[in-house]
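Colleague: To start, I am sharing the structure in question, which I have written as structure tokens.
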Amino acid sequence: MDDIVEVRHRLRTGHRIVGYQRQIGAQTWYSPDGLWWRGATIPHDLKDAGTPWKDRNNQWLYEWDVVEWKAMPGQWTFERIDGKWQLTSNGLVAEVTPNGRLYKREGFRFPSLK
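In terms of my numbering, the sequence shown opens at residue 710 and continues consecutively.
Here it is in structure tokens:
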């Protein structure tokens, strides 16, 4: 039996988070808060890719999330670089530890809009 893959995105308009999207098989679901899901789309112009991990507070982690990481002091940002999840901080790049519970989301660092 094939495993059904769930793909998550955080939806934004500019730097404002407007909701979340889940794709499970052929179905796409939307939620303004990540709790209640429906089929009606949420208007947005940007999508942040979801990681496969949750943080210490059981919150899904997404691209551009700033996290505290006990193993390495400072603020680290989740980024997708060359198809791999990486953590970046002031020019440093670190491999992501598969156990997302090691991280605690502190905020966001969205890239500049053009």
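Cβ coordinates follow ideal geometry from the N, Cα and C atoms, glycine included. This structure is a prediction, so every number in the text was calculated from the model and none was measured.
Check Leu755 in the structure and name its three-state DSSP category.
Modeller: Counted from its first residue, the sequence shown places residue 755 at position 46. Strand.
Colleague: Across which residues does DSSP place Asp774 in a beta bridge pair?
Modeller: As a working note, residue 774 is residue 65 in the sequence shown. Assignment of beta-bridge partners to Asp774 by DSSP yields Phe817.
Colleague: Ignore the nearest five residues each way along the sequence and tell me which others in Arg747's own chain have a CB closer than 8 Å to its CB.
Modeller: Looking up residue 747 in the sequence shown gives position 38. Cβ neighbours of Arg747 beyond the five flanking positions: Trp738, Tyr739, Ser740.
Colleague: On the three-state DSSP scale, how would you describe Arg719?
Modeller: Looking up residue 719 in the sequence shown gives position 10. Of the three classes helix, strand and coil, the one that applies to Arg719 here is strand, per DSSP.
Colleague: Within the segment 779 to 819, note down every full beta strand (DSSP E) run reaching 3 residues or more, in order along the chain.
Modeller: 781 to 790, 793 to 798, 801 to 804, 812 to 817
Colleague: Figure out for me which residue from Gln784, Ser821, Gly792, Gly800 has the closest Cα to the Cα of Tyr812.
Modeller: For the purposes of this step, residue 812 is identified with residue 103 of the sequence shown, where counting begins at 1. Nearest C-alpha to Tyr812: Gln784.
Colleague: Assign Thr760 to one of three DSSP states: helix, strand, or coil.
Modeller: Walking along the sequence shown from the start, residue 760 turns up at place 51. In the structure shown, the three-state DSSP call for Thr760 is strand.
Colleague: Are the segment 717 to 729 and the segment 744 to 758 in contact at 8 Å, needing three or more beta carbon pairs?
Modeller: yes
Colleague: For Phe819 and His724, I'd like the C-alpha separation in whole angstroms.
Modeller: Against the sequence shown, residue 819 aligns to sequence position 110. Against the sequence shown, residue 724 aligns to sequence position 15. If I take the Cα positions, the gap works out to 7 Å.
Colleague: In whole angstroms, what is the alpha-carbon distance linking Met781 and Ile751?
Modeller: Numbered from its first residue, the sequence shown carries residue 781 at position 72. Numbered from its first residue, the sequence shown carries residue 751 at position 42. Using only the alpha carbons, I get a separation of about 37 Å.
Colleague: Going by CA-CA distance only, name the one from Thr760, Ala749, Leu822 that's closest to Thr786.
Modeller: For the purposes of this step, residue 786 is identified with residue 77 of the sequence shown, where counting begins at 1. The option with the nearest alpha carbon to Thr786 is Thr760.
Colleague: Which same chain residues, not among the five before or five after Gly743, have their C-beta less than 6 Å away from its C-beta?
Modeller: Looking up residue 743 in the sequence shown gives position 34. Tyr729.
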